[in-house]
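>
2 protein chains.
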Amino acid sequence: MTIRPTIADVAREAGVSKGLVSFALNDRPGVAAETRDRILSVANALGWRPSVRARSLSTDRSFALGLVIARDPEIISSDPFFPAFIAGIEGALAPAGQALVVSMVSNEEAEVASYRQLAAHDRVDGVILTDLRRNDPRIALLEGLRLKAVTLGHPDVESSFPAVAVDDGPGIHSAVEHLAALGHRRIAHVAGPSSMLHGGRRSQSFIDALRALGLASDLVVETDFSAAGGAKTTAALLDLDEPPTAIVFANDLMAIAGLGVAQRRGLRVPDDLSITGFDGSDIGAYLYPSLTTVTTPVLEWGRASAELLLRSVIGDDDVHDIELPAAQLLVRMSTAPPRTIR
Amino acid sequence: MTIRPTIADVAREAGVSKGLVSFALNDRPGVAAETRDRILSVANALGWRPSVRARSLSTDRSFALGLVIARDPEIISSDPFFPAFIAGIEGALAPAGQALVVSMVSNEEAEVASYRQLAAHDRVDGVILTDLRRNDPRIALLEGLRLKAVTLGHPDVESSFPAVAVDDGPGIHSAVEHLAALGHRRIAHVAGPSSMLHGGRRSQSFIDALRALGLASDLVVETDFSAAGGAKTTAALLDLDEPPTAIVFANDLMAIAGLGVAQRRGLRVPDDLSITGFDGSDIGAYLYPSLTTVTTPVLEWGRASAELLLRSVIGDDDVHDIELPAAQLLVRMSTAPPRTIR
DNA sequence: GAGTGCCCCTAAACCGGTTAAGAAGCAGCC
DNA sequence: GGCTGCTTCTTAACCGGTTTAGGGGCACTC
Numbered sequence: 001m002t003i004r005p006t007i008a009d010v011a012r013e014a015g016v017s018k019g020l021v022s023f024a025l026n027d028r029p030g031v032a033a034e035t036r037d038r039i040l041s042v043a044n045a046l047g048w049r050p051s052v053r054a055r056s057l058s059t060d061r062s063f064a065l066g067l068v069i070a071r072d073p074e075i076i077s078s079d080p081f082f083p084a085f086i087a088g089i090e091g092a093l094a095p096a097g098q099a100l101v102v103s104m105v106s107n108e109e110a111e112v113a114s115y116r117q118l119a120a121h122d123r124v125d126g127v128i129l130t131d132l133r134r135n136d137p138r139i140a141l142l143e144g145l146r147l148k149a150v151t152l153g154h155p156d157v158e159s160s161f162p163a164v165a166v167d168d169g170p171g172i173h174s175a176v177e178h179l180a181a182l183g184h185r186r187i188a189h190v191a192g193p194s195s196m197l198h199g200g201r202r203s204q205s206f207i208d209a210l211r212a213l214g215l216a217s218d219l220v221v222e223t224d225f226s227a228a229g230g231a232k233t234t235a236a237l238l239d240l241d242e243p244p245t246a247i248v249f250a251n252d253l254m255a256i257a258g259l260g261v262a263q264r265r266g267l268r269v270p271d272d273l274s275i276t277g278f279d280g281s282d283i284g285a286y287l288y289p290s291l292t293t294v295t296t297p298v299l300e301w302g303r304a305s306a307e308l309l310l311r312s313v314i315g316d317d318d319v320h321d322i323e324l325p326a327a328q329l330l331v332r333m334s335t336a337p338p339r340t341i342r
Numbered sequence: 001m002t003i004r005p006t007i008a009d010v011a012r013e014a015g016v017s018k019g020l021v022s023f024a025l026n027d028r029p030g031v032a033a034e035t036r037d038r039i040l041s042v043a044n045a046l047g048w049r050p051s052v053r054a055r056s057l058s059t060d061r062s063f064a065l066g067l068v069i070a071r072d073p074e075i076i077s078s079d080p081f082f083p084a085f086i087a088g089i090e091g092a093l094a095p096a097g098q099a100l101v102v103s104m105v106s107n108e109e110a111e112v113a114s115y116r117q118l119a120a121h122d123r124v125d126g127v128i129l130t131d132l133r134r135n136d137p138r139i140a141l142l143e144g145l146r147l148k149a150v151t152l153g154h155p156d157v158e159s160s161f162p163a164v165a166v167d168d169g170p171g172i173h174s175a176v177e178h179l180a181a182l183g184h185r186r187i188a189h190v191a192g193p194s195s196m197l198h199g200g201r202r203s204q205s206f207i208d209a210l211r212a213l214g215l216a217s218d219l220v221v222e223t224d225f226s227a228a229g230g231a232k233t234t235a236a237l238l239d240l241d242e243p244p245t246a247i248v249f250a251n252d253l254m255a256i257a258g259l260g261v262a263q264r265r266g267l268r269v270p271d272d273l274s275i276t277g278f279d280g281s282d283i284g285a286y287l288y289p290s291l292t293t294v295t296t297p298v299l300e301w302g303r304a305s306a307e308l309l310l311r312s313v314i315g316d317d318d319v320h321d322i323e324l325p326a327a328q329l330l331v332r333m334s335t336a337p338p339r340t341i342r
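Structure follows, in structure tokens:
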């Protein structure tokens, strides 16, 4: 096993020019069928593989997509989203011979720097934009950097990028209706930061759902999606004179922390307090009680995003927004009728 | 903002040849100080940035490292290791202008294919090898593919790659001693697969620790590091005629599932059963009871691995194995004296 | 029989760097 | 004055592809 053959080797062996080999290998017209076959079989016999590097240089493409993950170091390990999401991306990228460049940073300055670096070094042809924020500056940034992108969810600003969205609403609605049907009247929501679009959207869905049922929606507390935040706000809610009998958490991590807080206080879940999460993370099934949650098709989300972005990079014309199946309620054991009306 | 300047632009502007510009920019000897300064200031004025693509093609380097993650889809979301590990890697890579290519696969064939693809496409200069297995075929594979690598831990086969290791032993020993000191005599271990080196090593440490204390070490059950596996084996242990009063789990995920199983049976943790995990994952602190566990310097591990691999890629001579601070016991609330001797 | 058009192919430039070979200029030395 | 050797710089090849311009051969047309 020596050095890898190049198209020059193939050309020599097949008795044609370099250029023609390139044409034949790329299935372009203007090559006689017989010649094309000969070139292909020679390439095959020599074990020729294209050099991504050379192709990158001449075609001005990277054949890779990027994912910048900005997360507080404290949250990063426990967040079930990204590993599954990356697995989904991989499902679309690997068969296409594309690679995924991942960058993980802990704050917004580093995030911006990371995008700039990806663009300056021509590492990727496009990026997947997660965790959209209100008035998200990254959209203009990426447009300025001339990177392609897809956004996870619909941004609240003008965007030239297609979106891949999962509607959180139905999941939250189902959770609230489920709790109301069980008899709960005082239902709280531990929300993610309203600066993040999905945080805000989940809150709004929660409020809408309560209103539709004619219930008060005053118990919405905003925090930061972290376990620490979930624990703190849960404690605050339980300290109220009239504490809620059920809490809808905006993600599983906060729900798990909230569960711990309740149990620590001697409350029984679900008898004294019902709890729902959001994410459908696997670990929730193994807790005691297992966590009623809202599942999101994360893997599918990753796959669809990567596919759409690839199409957009190629210059496919009909790239348009994609709506994935909505989030769905997954009832497990952390919800039950409130004790007061039992 | 037009097209990016190349060294040809710099050369023209500075009135020298392309080659000399390259020499000046790479700080190589043979350039007059005055000329060098002129070239550098012209480059600076034009806003010249090197093209990684062009450099890759001519220097036969990718300026990127790879990480192939092989995990069952079921485990992937809940595993706290990789996000933190990647964050650590990033800490070393970003300042060096290097990128991280991540590939996530679900089985061994796909894993091999992934390494082959990374090598065939020249995507990376080296890879970080995690989750070493017994007689790990990947080492020979990577040597054959002429990729550089570092291994996480010491392999049990001949390897030309440097290792970055964290000794699990002291953590497991501490956990066992902690439990023994509390009065436990029947201590079980829910182990990871013995086909994985760190799974086997933790078991062995467990057995050694018990022996050293003169206790029986017959309660070692092997499973797969998953929540489902942890739950199932915990159930089996608790079904024994003489069940253990404490269980040492080989990772946090299994410990959390085990905790759920015990509580589901009406056992109180830690009163009826003590539990320890392994990983030091953050979420464990918020459970009820909070999980006594063994912490590993994951972030540091990632950083050190990436740095070592970068040095190895450059051809630095004195790359040798690195031993990081050993894993440490973190006592929280899931361990207490057994009820029997209370 | 010249002109036109098409098909198949070659030659060569190009992408943006690195690097080997060699030339020019100059000082030092005998 | 010629030789040696050093520094500084240029030229040109090279990495491995893609792509444009154009040439030769052939059939068809009038």
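Residue numbers (this note's numbering), protein chains in the order written: chain A, 1 to 342; chain B, 1 to 342. C-beta: ideal position from N, C-alpha, C; glycine also. All values derive from a computational prediction rather than experimental measurement.
Pull up the DSSP beta-bridge partners for A/L100, would you.
Walking along the first sequence from the start, residue 100 of chain A turns up at place 100. Partner(s): A/L65.
> Where does A/E323 sit, in a helix, a strand or coil, going by DSSP?
The residue given as residue 323 of chain A occupies position 323 in the first sequence. Residue state, collapsed to three classes: strand.
> Go through its chain and collect everything with a Cβ distance to B/P297's Cβ below 7 Å, but skip five positions before and after it.
Within the second sequence, the letter at position 297 stands for residue 297 of chain B. Answer for B/P297: V166, L324 and P325, listed in chain order.
> Counting only C-beta atoms, is A/I341 closer than 8 Å to chain B at any point?
Taking the first residue of the first sequence as 1, we reach residue 341 of chain A at position 341. Its pLDDT being 44, under 50, A/I341 is placed unreliably by the model, and the measurement read from it follows with that caveat. Chain B contact via Cβ: absent.
> If you run the structure through DSSP and keep just helix, strand and coil, what is A/S274?
For this step, residue 274 of chain A is matched to residue 274 along the first sequence. It is a strand residue.
> Can you pull the chain B neighbours of A/L253, defined as C-beta to C-beta under 8 Å?
Walking along the first sequence from the start, residue 253 of chain A turns up at place 253. Correct list: I283.
> So which residues of chain A does B/V52 contact, with C-beta pairs closer than 8 Å?
If you number the second sequence from 1, residue 52 of chain B lands on position 52. Within chain A, the residues near B/V52 are H121, D122 and R123.
> Please name the residue, chosen from B/G169, B/V261 and B/A119, that lies closest to B/L197 on a Cα-to-Cα basis.
One-based indexing of the second sequence puts residue 197 of chain B at position 197. If we check each option's Cα against that of B/L197, B/G169 comes out closest.
> For A/I76, decide whether its Cβ has a neighbour in chain B, counting only Cβ atoms nearer than 8 Å.
Here residue 76 of chain A refers to the residue found at position 76 when the first sequence is read from its first residue. Judged by the 8 Å Cβ criterion, A/I76 is in contact with chain B.
> Tell me the DSSP secondary structure of A/I341 in three-state form.
Counting from one through the first sequence, the residue named residue 341 of chain A turns up at place 341. Only weak support exists for where A/I341 lies, its pLDDT of 44 falling under 50; the coordinates are left without a value.
> Taking the continuous beta strand (DSSP E) assigned at B/L152, which residues delimit it?
Translated into the one-based positions of the second sequence, residue 152 of chain B becomes position 152. Note, B/L152: beta strand (DSSP E), K148 to L152.
> Tell me which same chain residues have a C-beta within less than 7 Å of the C-beta of B/D60, skipping the five on either side of it?
Along the second sequence, one-based indexing puts residue 60 of chain B at 60. Counting only Cβ-Cβ distances below 7 Å, and skipping sequence neighbours, we find nothing.
> In this structure, how does DSSP classify A/M1 when only helix, strand and coil are distinguished?
Locating residue 1 of chain A in the first sequence gives position 1, counting from the first residue. Since pLDDT at A/M1 reaches only 48, below the 50 mark, its modelled position is unreliable, and the value read off the structure follows with that caveat. It is coil, neither helix nor strand.
> Could you tell me the alpha carbon to alpha carbon distance between A/L363 and B/V261, rounded to whole angstroms?
This structure does not reach residue 363 of chain A, given that chain A is present from 1 up to 342, and the question cannot be answered.
> Of all the options A/V16, A/T245, A/E109 and A/S205, which has the alpha carbon lying nearest to the alpha carbon of A/I379?
Here chain A covers residues 1 to 342 and nothing more, so residue 379 of chain A does not appear.
> Exposed or buried, what is A/D131 when buried is set at 16 or more other beta-carbons lying within 10 Å of its beta-carbon?
By one-based count along the first sequence, residue 131 of chain A stands at place 131. Classification of A/D131: buried, given that the 10 Å Cβ count is 16 or more.
> Using Cβ-Cβ distances below 7 Å, what residues of the region 274-302 of chain B are close to chain A?
From the region 274-302 of chain B, only S281, D282, I283, Y286, L287 and Y288 have a Cβ closer than 7 Å to chain A.
> Please name the residue in B/I86, B/R303 and B/S281 whose C-alpha comes closest to that of B/L329.
Here residue 329 of chain B refers to the residue found at position 329 of the second sequence. Of the listed residues, the one whose Cα sits closest to B/L329 is B/S281.
> Please confirm whether B/V272 has its beta-carbon closer than 8 Å to some beta-carbon of chain A.
Here residue 272 of chain B corresponds to residue number 272 of the second sequence, with the count starting at 1. Strictly speaking, residue 272 of chain B in this sequence is Asp, with Val absent from that position. Closer than 8 Å: no.
> Between which two residues does the alpha helix (DSSP H) holding A/T35 run?
By 1-based counting over the first sequence, the position of residue 35 of chain A is 35. That run of the alpha helix (DSSP H) goes A33 to L46.
> Please list the terminal residues of the continuous alpha helix (DSSP H) segment that includes B/F23.
On the second sequence, position 23 is the one that residue 23 of chain B refers to. Here the alpha helix (DSSP H) through B/F23 covers K18 to L25.
> So B/V105 packs on B/V68, CB below 8 Å; how close in whole Å?
Looking up residue 105 of chain B in the second sequence gives position 105. Looking up residue 68 of chain B in the second sequence gives position 68. Sure, about 7 Å apart at Cβ, within 8 Å.
> Is B/Q328 close to chain A? Criterion is C-beta to C-beta, closer than 8 Å.
Within the second sequence, numbered from 1, the residue matching residue 328 of chain B stands at position 328. It does not: the Cβ of B/Q328 has no partner Cβ on chain A nearer than 8 Å.
> With 8 Å as the threshold, decide whether the Cβ of B/L57 is near any Cβ in chain A.
In the second sequence, counting from the first residue as 1, residue 57 of chain B sits at position 57. Chain A contact via Cβ: present.
> Any idea what DSSP makes of A/D279, helix, strand or coil?
Working through the first sequence from its first residue, we reach residue 279 of chain A at position 279. A/D279: strand per DSSP, three-state reduction.
> Please go through the same chain and pick out, in chain order, the residues whose beta-carbon is closer than 8 Å to the beta-carbon of A/L299, but skip the five residues on each side of it.
Taking the first residue of the first sequence as 1, we reach residue 299 of chain A at position 299. Counting only Cβ-Cβ distances below 8 Å, and skipping sequence neighbours, we find A84, F85, A87, G88 and G91.
> Please confirm if B/T84 has its CB atom under 8 Å from at least one CB of chain A.
Counting from 1 along the second sequence, the entry for residue 84 of chain B is found at position 84. Reading off the sequence shown, one finds Ala at residue 84 of chain B, where the question assumed Thr. Yes, B/A84 counts as interfacial toward chain A.
> Could you give the DSSP three-state label for A/I293: helix, strand or coil?
Along the first sequence, one-based indexing puts residue 293 of chain A at 293. Residue identity differs from the one stated: residue 293 of chain A is Thr in this sequence, not Ile. In this structure, A/T293 counts as strand in the three-state DSSP scheme.
> Helix or strand or just coil, what does DSSP make of B/L329?
Mapped onto the second sequence, residue 329 of chain B falls at position 329. If DSSP states are grouped into helix, strand and coil, B/L329 belongs with the strands.
> Between which residues of its own chain and B/V220 is the CB-CB distance below 8 Å, once the five residues before and five after are set aside?
Mapped onto the second sequence, residue 220 of chain B falls at position 220. Around B/V220: A188, H189, A191, S203, F206 and I207.
> Give the straight-line distance between the Cα atoms of B/R352 and B/G19, rounded to the nearest whole angstrom.
Nothing can be reported for residue 352 of chain B, as the shown portion of chain B is limited to 1 through 342.
> Compute the Euclidean distance between the alpha carbons of A/L57 and B/S41, then round it to the nearest angstrom.
Translated into the one-based positions of the first sequence, residue 57 of chain A becomes position 57. Translated into the one-based positions of the second sequence, residue 41 of chain B becomes position 41. Using only the alpha carbons, I get a separation of about 26 Å.
> Quick check: what's the CA-CA separation for B/I341 versus B/H184?
As a working mapping, residue 341 of chain B is identified with position 341 in the second sequence. As a working mapping, residue 184 of chain B is identified with position 184 in the second sequence. Interpretation of B/I341 is limited by its pLDDT of 44, a score under 50 that renders its predicted location unreliable; the figure taken from the coordinates is listed afterwards. Taking the straight line joining both Cα atoms gives about 9 Å.
> From B/A120, B/G200 and B/E74, pick the residue whose C-alpha is nearest to that of A/I283; which is it?
Position 283 of the first sequence, counted from the start, is the residue given in the question as residue 283 of chain A. If we check each option's Cα against that of A/I283, B/E74 comes out closest.
> At the 8 Å Cβ level, is B/G260 part of the contact set with chain A, yes or no?
Numbered from 1 along the second sequence, position 260 holds the residue referred to as residue 260 of chain B. Yes, its Cβ sits closer than 8 Å to a Cβ of chain A.
> In the DSSP output, what is B/R133 paired with across the bridge?
Walking along the second sequence from the start, residue 133 of chain B turns up at place 133. Answer is B/M196.
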